[in-house]
Amino acid sequence: MYRYDEFDRSFVNARVAQFSDQVERRLAGEITEDQFKPLRLMNGVYLQLHAYMLRIAVPYGTLNGRQMRKLAHVARTYDKGYGHFTTRQNIQFNWPALSDIPAILEELASVEMHAIQTSGNCIRNVTADHFAGAAADEVADPRPYAEILRQWSSVHPEFSYLPRKFKIAVTGAGRDRAAIQVHDIGLHLKKDADGRLGFAVYVGGGQGRTPMIAKKIRDFLPEEDLLSYTTAIVRVYNLHGRRDNKFKARIKILVHETGTEELTKQIEAEFAALRDGELKLPDKDIRAIETYFAPPPLTPRPEGDDAVRLARLASKDFADWLGQNVTTHKHADYAAVTISLKAIGEAPGDATDQQMEAVAALAEQYGFDEIRVSHEQNLVLPHVARADLKAVYDRLVETGLATANSNLISDIIACPGLDYCALANARSIPVAQEISRRFASLERQREIGELKLKISGCINACGHHHVGHIGILGVEKKGSELYQITLGGSGDETSSIGEIVGRGFAPDAITDAVETVVETYLGLRSDPSERFIDAYRRVGPAPFKEALYGREARAA
Amino acid sequence: MKILTANRLHDGEAVWFGTNGHWNEALAGAAIAVDDEAVTALERIGVEAYENNQVVDVELIDVALADGEILPKRLRERIRAAGPTNRSDLGKQARPMISRAA
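Residue numbers (the working numbering), protein chains in the order written: chain A, 2 to 557; chain B, -9 to 92.
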């Protein structure tokens, strides 16, 4: 994985020193809150309902054991013994004192981590496929490009005060696990007919109050033009994006209001002026960054086939986990392991300090010291020998991390919601917990099959409800929580925005409503291999509306 | 009926301005303003405390009295006064004498 050079190290240390001084002056009353707030936000410090919150960047979701141990240490020493992994592959701590944040940032810097650009109207943490470098269906590892974008965008002087925040996601596989079509820029790394690497470029996707699927504006951008083209896009956005209305300030609105064709013309004109300049990436620079992401020494471990076969026969629980949480690796003797942070009845994405330590130890012993955070709020060990899967599984069982529910209905994305967040209108976590308990039976979940359920506690959509097969949006109506259901959303290569199915449900009725939707699907699917999303696309909303509201509609 | 709430500057702790003239970590004992004059007085206290860098995010919130206890009208404020509803071991509710939000 990427290692800091002298420049990175001194840059992060200088930033820690600068922000520590700003915190000190704020606490001494030498600067006002109005002056301080933008500074703290540039360093990932929010104020939530109960306390400050610190959001720490995990660039493209990649961590090593030492970094994970440091996060465990921060959780234990400065927070309340846990952290919350987010849909942007970052981690948040919910209880730090402002006065402790300089010390936390210093600790993080010692393991090459920071909280820079995890907030504010700048280019945020670049996200990537959580199976990058491991996935069997990958053309090339997208992370070198994510790292190039990270270096380019860090305190970029032209792009530090954009109209609004800006999110870039990269995938290197045809199967999109990074939800690139709902990002400001989505990059799909691929090869052209001559075998050259480049990107399909998508612009103007996003969720929030105006969800939009990104428009593809380039089918193939050669890799050397990555920064020129990205600069052209962000420059056009910076110039023309709306600053008069926060809710209309994202690039998706600019794309929508300007029109894809016209905006593409403007971007291409800017690109034409930039493409042969200093932003052109020399091949040797790309290859140099690539070496940081070289695959680990995956020595042949052919004994894995027999080991897995025998272990599967001996333990049904292991067999279930293997079937659900283990993904095919590009090396036949290895696998990528999804560590579910969605134990039945727990808060999605939360991990205790002990669990973080356990994952770090597993990565170090069995996983070439690599860990990923997925945007679905799980952790991943991307390179585990199949021969070691049973040992890894047994250790995960010991720490409550072996729930075999990856991609099933209890693998829920949920934002922190009104239990923590100052922006939320309704709670998300308790809704997720109740649904998870209702569908606790793994047998039932497997019968239902792949089902992406996503919950947001407000229209900002941090819980990605717009792209949930079943989405739940919490709103406040007459002082009470109310939950709207959307159906048919998807965040993969066939992205779609879910449609609101009808009036909302009270907190004590939302789980029943979800169950009604699921039972309706089970009753109408053509066969068990037809996933919820495919069935919904085939039949549309009518049967679900009828099941949820039919009786009252007929009575009315 | 309103009370004055904020978060303490140095640690972000949710606090309420009390009848004892201090910013307290518990909602019980908050000074209640029942008329415009009292609301204005609380408002002034909030502005001063903000300007003195004691607290941030100062807000006057609507409350009712239920069995002699102050009950914020919005769930958001009840959760602030207690802690996350999914973790009774966290926040103020985990401390003695402070009740749960929902």
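Just so it is clear, CB atoms sit at the ideal spot from N, CA and C, and this is done for glycine as well.
A quick note: this is a predicted structure, and the numbers were derived from the prediction, not measured.
Option nearest residue i by Cα separation, candidates the options
| i | options | result |
| --- | --- | --- |
| Arg538(A) | Asp513(A), Ser497(A), Arg552(A) and Val385(A) | Ser497(A) |
| Gly368(A) | Arg445(A), Glu262(A), Leu452(A) and His384(A) | His384(A) |
| Lys191(A) | Val183(A), Asp493(A), Asp509(A) and Ala174(A) | Ala174(A) |
| Arg67(A) | Leu109(A), Glu224(A), Ile214(A) and Arg210(A) | Leu109(A) |
| Asp138(A) | Ala333(A), Asp389(A), Asp513(A) and Ser437(A) | Ala333(A) |
| Val1(A) | Gly207(A), Ile449(A), Ile32(A) and Arg10(A) | The structure shown does not extend to residue 1(A), since chain A is modelled only from 2 through 557, so no value can be given for it. |
| Ile471(A) | Ala427(A), Gly401(A) and Arg532(A) | Arg532(A) |
| Glu224(A) | Ala336(A), Pro145(A) and His241(A) | Pro145(A) |
| Ser229(A) | Ala194(A), Glu258(A), Thr211(A) and Glu279(A) | Glu279(A) |
| Leu623(A) | Glu547(A), Leu282(A), Gly84(A) and Asp370(A) | Here chain A comprises residues numbered 2 to 557, so residue 623(A) is not present and cannot be evaluated. |
| Gly62(A) | Phe319(A), Phe132(A), Pro283(A) and Asp286(A) | Phe132(A) |
| Tyr40(B) | Leu28(A), Leu55(A) and Arg70(A) | Leu28(A) |
| Asp412(A) | Leu397(A), Ala344(A) and Glu520(A) | Ala344(A) |
| Met213(A) | Ala462(A), Val515(A), Lys478(A) and Ser527(A) | Ala462(A) |
| Gly505(A) | Lys546(A), Asp22(A) and Asp286(A) | Lys546(A) |
| Arg445(A) | Ala433(A), Ile410(A) and Val432(A) | Ile410(A) |
| Gln378(A) | Trp322(A), Val17(A), Arg288(A) and Ser341(A) | Ser341(A) |
| Asn326(A) | Asp307(A), Arg447(A), Arg439(A) and Gly475(A) | Arg447(A) |
| Ala65(B) | Phe221(A), Val140(A) and Glu477(A) | Residue 65(B) is actually Leu in this sequence, not Ala. That would be Glu477(A), whose Cα lies nearest to the Cα of Leu65(B). |
| Val202(A) | Arg210(A), Arg77(A), Asp220(A) and Arg387(A) | Asp220(A) |
| Pro39(A) | Ala433(A), Asp142(A), Gly121(A) and Phe8(A) | Gly121(A) |
Continuous alpha helix (DSSP H) stretch holding residue i: start and end
| i | result |
| --- | --- |
| Ala359(A) | Asp354 to Tyr367 |
| Gln325(A) | Lys317 to Asn326 |
| Lys81(A) | Run containing Lys81(A): none; DSSP gives neither H nor E here. |
| Ala270(A) | Thr261 to Leu275 |
| His241(A) | Leu227 to His241 |
| Glu431(A) | The sequence given here places Pro at residue 431(A); Glu does not occur at that position. Unbroken alpha helix (DSSP H) run through Pro431(A): Ile430 to Arg439. |
| Leu106(A) | Ile102 to Ala110 |
| Asn91(A) | First-last for Asn91(A): undefined, no H or E at that position. |
| Tyr449(A) | Per the sequence presented here, residue 449(A) reads as Ile, with Tyr not at that position. Per DSSP, Ile449(A) belongs to the alpha helix (DSSP H) from Leu443 to Ile449. |
| Tyr203(A) | Tyr203(A) -> not in any alpha helix (DSSP H); beta strand (DSSP E) instead, spanning Leu198 to Val204. |
Residue j beta carbon less than 8 angstroms from that of residue i
| i | j | result |
| --- | --- | --- |
| Leu483(A) | Thr517(A) | no |
| Gly82(A) | Thr353(A) | yes |
| Thr231(A) | Leu311(A) | no |
| Arg89(A) | Asn44(A) | no |
| Val468(A) | Ala170(A) | no |
| Ile(-7)(B) | Ala31(B) | no |
| Ile436(A) | Leu454(A) | yes |
| Gly499(A) | Gly489(A) | yes |
| Asn562(A) | Glu347(A) | Any question about residue 562(A) goes unanswered here, given that chain A covers just 2 to 557. |
| Leu48(A) | Asp47(B) | yes |
| Val374(A) | Leu64(A) | yes |
| Val237(A) | Ile268(A) | yes |
| Val360(A) | Leu390(A) | no |
| Val338(A) | Val393(A) | yes |
| Asp193(A) | Gly199(A) | yes |
| Ala233(A) | Glu258(A) | no |
| Glu159(A) | Tyr3(A) | no |
| Gly475(A) | Ser429(A) | yes |
| Thr521(A) | Pro542(A) | no |
| Gly308(A) | Ala362(A) | The question names Gly, but residue 308(A) in the sequence shown is Ala. No. Outside cutoff. |
| Glu33(B) | Leu50(B) | yes |
Start and end residues, beta strand (DSSP E) containing residue i
| i | result |
| --- | --- |
| Trp153(A) | Counting along the chain, Trp153(A) falls outside any beta strand (DSSP E), though it belongs to the alpha helix (DSSP H) covering Arg144 to Ser154. |
| Gly475(A) | Ile471 to Lys478 |
| Thr1(A) | In this structure chain A extends from 2 to 557, so residue 1(A) is not present and cannot be described. |
| Lys249(A) | Run containing Lys249(A): none; DSSP gives neither H nor E here. |
| Arg558(A) | Nothing can be reported for residue 558(A): it is not among the residues displayed for chain A, which extend from 2 to 557. |
| Met43(A) | Counting along the chain, Met43(A) falls outside any beta strand (DSSP E), though it belongs to the alpha helix (DSSP H) covering Glu34 to Met43. |
| Lys391(A) | Run containing Lys391(A): none in the beta strand (DSSP E); it sits in the alpha helix (DSSP H), Leu390 to Glu399. |
| Tyr40(B) | No beta strand (DSSP E) holds Tyr40(B); the alpha helix (DSSP H) holding it covers Asp26 to Glu41. |
| Gln485(A) | Ser481 to Leu488 |
Which residues, in order along the segment 398 to 427 of chain A, keep a beta-carbon less than 7 angstroms from a beta-carbon of chain B? Sequence-ordered contacts of the segment 398 to 427 of chain A with chain B read Leu419, Asp420 and Tyr421 [C-beta pairs closer than 7 angstroms].
Residues of the segment 54 to 70 of chain B with Cβ closer than 7 angstroms to any Cβ of chain A, in chain order: Listed by position, the residues of the segment 54 to 70 of chain B near chain A (Cβ gap below 7 angstroms) are Lys63, Arg64, Leu65, Arg66, Ile69 and Arg70.
If you measure beta-carbon to beta-carbon, which residues of the segment 76 to 89 of chain A are closer than 7 angstroms to chain B? Using a CB distance below 7 angstroms, the part of the segment 76 to 89 of chain A facing chain B consists of Lys81, ordered along the chain.
Check distances from the C-beta atoms of the segment 12 to 30 of chain B to those of chain A and list, in chain order, the residues that come in under 9 angstroms. The residues in question: there are none.
Can you find at least 3 beta carbon pairs, one from the segment 411 to 420 of chain A and one from the segment 150 to 168 of chain A, that sit closer than 8 angstroms? As far as the Cβ criterion goes, the segment 411 to 420 of chain A does not touch the segment 150 to 168 of chain A, which means the pair count is below three.
Pull out every residue of the segment 308 to 326 of chain A whose Cβ sits closer than 8 angstroms to any Cβ of chain B, in chain order. Interface annotation for the segment 308 to 326 of chain A against chain B: empty, criterion Cβ-Cβ distance under 8 angstroms.
If we count Cβ pairs, one from each stretch, closer than 8 angstroms, do we get three or more for the segment 91 to 100 of chain A versus the segment 287 to 306 of chain A? The segment 287 to 306 of chain A and the segment 91 to 100 of chain A do not touch, with fewer than three beta-carbon pairs separated by less than 8 angstroms.
May I ask you to list, following chain order, the residues of the segment 433 to 466 of chain A that have a beta carbon less than 7 angstroms from some beta carbon of chain B? Residues Gln434.
Closer than 7 angstroms, Cβ to any Cβ of chain B: which residues of the segment 17 to 40 of chain A, in chain order? Going along the segment 17 to 40 of chain A in chain order, one finds Leu28, Gly30 and Glu34 with a Cβ nearer than 7 angstroms to chain B.
Can we say the segment -9 to 5 of chain B touches the segment 519 to 535 of chain A, given the rule of at least three CB pairs closer than 8 angstroms? These segments do not touch.
Closer than 9 angstroms, Cβ to any Cβ of chain B: which residues of the segment 107 to 138 of chain A, in chain order? Cβ contacts with chain B come from no residue of the segment 107 to 138 of chain A.
Residues from the segment 51 to 70 of chain A in contact with chain B, defined by Cβ distance under 9 angstroms: Going along the segment 51 to 70 of chain A in chain order, one finds His51, Ala52, Tyr53 and Met54 with a Cβ nearer than 9 angstroms to chain B.
Name the residues in the segment 486 to 506 of chain A whose C-beta lies less than 9 angstroms from a C-beta of chain B; which are they? Within the segment 486 to 506 of chain A, not one residue has a Cβ closer than 9 angstroms to any Cβ of chain B.
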